[in-house]
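The sequence shown begins at 612 in the numbering used here and counts up one residue at a time.
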Amino acid sequence: MAVKEKYNASLLIVLSILIIVVMAEDPYRYFQWHITYGDIYPMGVKQQGILINKMFPGPEIRCVTNDNLIINVFNHLDEPFLISWAGIQNRKNSFQDGVYGTTCPIPPGKNYTYALQVKDQIGSFYYFRSLGFHKAAGGFGAIRISSRPLIPVPFPPPADDYTVLIGDWYKTNHKALRAQLDSGRKLPLPDVILINGRGSGAKLNVQPGKTYRLSISNVGLQNSLNFRIQNHMMKLVEVEGRHTIQTQFSSLDVHVGQSYSVLVTANQPPKDYYIVVSSRFTPQTLITGGVLHYSNSAGDVSGPLPDVPDSMSWSLNQARSIRTNLTAGGPRPNPQGSYHYGMINVTRTIRLVTSAGQIGGKQRYAVNSASFYPSDTPLKLADYFKIDGVYKPGSISDQPTSGAIFPMTSVLQADYKAFVEIVFQNWDNIVQSWHFDGYSFFVVGMEFGKWSTASRKIYNLNDAVSRCTVQVYPRSWTAIYVALDNVGMWNLRSELWERQYLGQQLYMRVYTTSTSLRDEYQIPKNALLCGRAIGHHK
């Protein structure tokens, strides 16, 4: 072969390799967000809200499995803020989690660029403002992660898909609500329920005979909600990144922080139908409505509102019926059931019991008697820069304790790659909701009464749903299994925001002595520094 021919052949090989490398790199999606105050009218009257790019709710993030999200956020408010990405697992990167235990807030007049990857994830999630009581002012929006084109989805493509953000809402300004909590008082019941930022008038347009996907998230502050559509069934297909057995429901309980995807077929006579969202198991039922509008509608909404069973047992049984579709693929082509969680030995059992009390004459809430107080420096930065005195690993017991509640920057120490059982015991008369940043977990059991080792006999060790937010019914328990395969400092919190703000949260320090990038990324070069971390070199 001539020298020129050898050169051309070598060049083709090099170019082919470069093309493969470029094509193999996961795509990047870029966003620029401006956070401002603005006038909103969720109840028909003006109030101050927190807007993202002048939008309430904020802009929707639509992406595909493994996409890299580069989100440049500008803070035009008069106070610091953070955005948290509920459900995005931020593999090996708790620095970007967006809660104060891991990330410094963005100061007024400054910006920060988040770099996230939706690694091996699909499904319906949302983002929200995590600092202070900003969640009561807006700044939330949907995250929709689609499967890669070559990965089959266990249902035909819908005619269209809609995001439905539901949640309770106060007409009182978020700063006034925060001041009320800071003064030691509880909050009253919320004033209204919103659907996509509106107290009434929400509309979903459909064409007869076609099927639509609805991604429903409860972005509220404290109330479990029920979602239903007059005369229409909903087929559940996905829960927080996991395809489910496709069960038909006439109504669906969505607890605070949870997300579901359902399919709805427009198979009824052509008219308009009520969409109803109501609070669950509260002293006073809040209710709001919207309209499912057929394109060939022959009449307005009419008739009684669709009802829902007012029974805790009904809700519990519905929750237990939600199971993983073992024959469906997830973000990868292999079936989701190939991970046999029920055959792994549990290395540790953590039992968490909530309580309430007063500290310094002010209302507080606690987990295993420890009421969380934020430190002056994010815990993850204290870890990285080896700053002493910010927190103490193991400062909260992994078993319930007796005695009065006490203040503590609560950090639970855990080993990397441990497989643990966490039991949430709820002795309150309200439905609790718990979220674990950085993780999905298997909901293996829930039941009324007190948990004991004998309770494991009823665990679902075959097809329990995997999710990141779970409810605990009044005077009941919920048990989860979780593989601690994500190194970092991760927030485990109540999704009832008054209780979270007043101490019902902790951090799980998933630790390894390894310094390999295989296990955890280094601090981002653009990381903001605050507290005692100021002056340290990245």
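Just so you know, even glycine gets a beta-carbon here, dropped at the ideal spot from N, CA and C. All of these numbers come straight from a predicted model, not from anything done at the bench.
Collapsed DSSP secondary structure at residue i in the structure displayed
i: residue 793; result: helix
i: residue 869; result: coil
i: residue 1030; result: strand
i: residue 1127; result: coil
i: residue 738; result: strand
i: residue 811; result: coil
i: residue 1064; result: helix
i: residue 747; result: helix
i: residue 1071; result: coil
i: residue 687; result: coil
i: residue 993; result: helix
i: residue 934; result: strand
i: residue 951; result: coil
i: residue 857; result: coil
i: residue 1142; result: helix
i: residue 703; result: coil
i: residue 844; result: coil
i: residue 757; result: strand
i: residue 1111; result: helix
i: residue 926; result: helix
i: residue 977; result: strand
i: residue 963; result: strand
i: residue 916; result: coil
i: residue 863; result: strand
Within 8 Å, strictly: CB atoms of residue i and residue j
i: residue 1082; j: residue 1116; result: no
i: residue 729; j: residue 683; result: no
i: residue 1100; j: residue 990; result: yes
i: residue 732; j: residue 917; result: no
i: residue 1030; j: residue 957; result: yes
i: residue 654; j: residue 810; result: yes
i: residue 848; j: residue 874; result: yes
i: residue 745; j: residue 687; result: no
i: residue 981; j: residue 1021; result: yes
i: residue 699; j: residue 727; result: yes
i: residue 1151; j: residue 804; result: The question about residue 1151 has no answer, for the chain in this structure spans 612 to 1149.
i: residue 996; j: residue 1094; result: no
i: residue 756; j: residue 888; result: no
i: residue 837; j: residue 919; result: yes
i: residue 1166; j: residue 796; result: Since the displayed the chain opens at 612 and closes at 1149, residue 1166 lies outside it and no answer follows.
i: residue 749; j: residue 668; result: yes
i: residue 661; j: residue 648; result: yes
Buried versus exposed, by CB contacts within 10 Å (16 or more), residue i
i: residue 925; result: exposed
i: residue 697; result: buried
i: residue 639; result: exposed
i: residue 1123; result: exposed
i: residue 834; result: buried
i: residue 801; result: buried
i: residue 841; result: buried
i: residue 656; result: exposed
i: residue 600; result: Here the chain has residues from 612 to 1149 only, and residue 600 is not among them.
i: residue 1023; result: buried
i: residue 806; result: buried
i: residue 855; result: buried
Own chain residues within Cβ distance below 8 Å of residue i, not counting five before or after
i: residue 1137; result: 723, 724
i: residue 679; result: 637, 638, 639, 640, 726, 727, 728
Contact test: residue i Cβ vs the ligand ZN heavy atom, cutoff 7 Å
i: residue 637; result: As far as ligands go, the structure on display features none, and thus does not contain the ligand ZN.
Chain-order list of residues whose beta-carbon lies under 7 Å from that of residue i (same chain, five-residue window excluded)
i: residue 931; result: 1057
i: residue 747; result: 781, 785, 788, 832
i: residue 1012; result: 979, 980
Beta-carbon contacts of residue i that lie in its chain and below 6 Å, excluding the five residues immediately before and after
i: residue 830; result: 737, 751, 776, 778
i: residue 565; result: The structure shown does not extend to residue 565, since the chain spans only 612 to 1149, so no value can be given for it.
i: residue 1037; result: 1043, 1083, 1087
i: residue 904; result: 814, 816, 883
i: residue 960; result: 1032
i: residue 685; result: 645, 722
i: residue 718; result: 691
i: residue 952; result: 1053, 1092
i: residue 993; result: 1001
i: residue 876; result: 822
i: residue 857; result: 846, 848
i: residue 1090; result: 1034, 1055, 1056
i: residue 818; result: 906
i: residue 1142; result: 987, 988
i: residue 1075; result: 1053, 1054, 1055
i: residue 1077; result: 853, 1051, 1053
Cutoff 8 Å: residue i Cβ touching any chain D Cβ
i: residue 833; result: Among the protein chains of the structure shown there is no chain D, as only one such chain exists.
Please list the segments of the alpha helix (DSSP H) lying wholly inside the stretch 1033–1057, counting only runs of 4 or more residues, in order along the chain. Whole alpha helix (DSSP H) segments, 4+ residues: zero.
Unbroken stretches of the beta strand (DSSP E), 3 residues or longer, contained in the stretch 629–681: 639–651, 658–663, 672–675
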